[in-house]
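Engineer:
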Amino acid sequence: MRKLLSLVTVALVVLAGCNTVRGTVNGLGKDTQKAGEWVQEKVPANPQ
Numbered sequence: 039m040r041k042l043l044s045l046v047t048v049a050l051v052v053l054a055g056c057n058t059v060r061g062t063v064n065g066l067g068k069d070t071q072k073a074g075e076w077v078q079e080k081v082p083a084n085p086q
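Read in this note's numbering, the sequence shown has 40 at position 2, and its numbers run on one by one without any break.
#1: Suppose you measure from the CA of MET39 to the CA of LEU45; what does that come to, to the nearest Å?
#2: In whole angstroms, give me the CA-to-CA distance for GLN78 and VAL51.
#3: Could you check where the alpha helix (DSSP H) with VAL46 kicks off and where it finishes?
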């Protein structure tokens with residue numbers, strides 16, 4: 039019984055960790071995209 043409980047606990051921790059990492063990476067990706075759009079607005083694409 040204890041073994042089963044510990045396995046479930048470990049599985050939950052691993053899943054929570056994966057979700058957190060995924061969320062962080064996703065958030066960073068969105069921030070980077072916004073920064074890129076901001077730069078494109080501020081800096082002319084082809085200065086002449």
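Even for Gly, the Cβ is constructed at its ideal location relative to N, Cα and C.
Structural biologist: The relevant details are as follows:
#1: Position 1 of the sequence shown holds residue 39. Position 7 of the sequence shown holds residue 45. Near 10 Å, if we compare the C-alpha coordinates of LEU45 and MET39.
#2: The residue you call residue 78 lines up with position 40 of the sequence shown. The residue you call residue 51 lines up with position 13 of the sequence shown. Spanning the two alpha carbons is a distance of roughly 41 Å.
#3: Position 8 of the sequence shown, counting from 1, holds the residue named residue 46. Segment 40-80, the alpha helix (DSSP H) holding VAL46.
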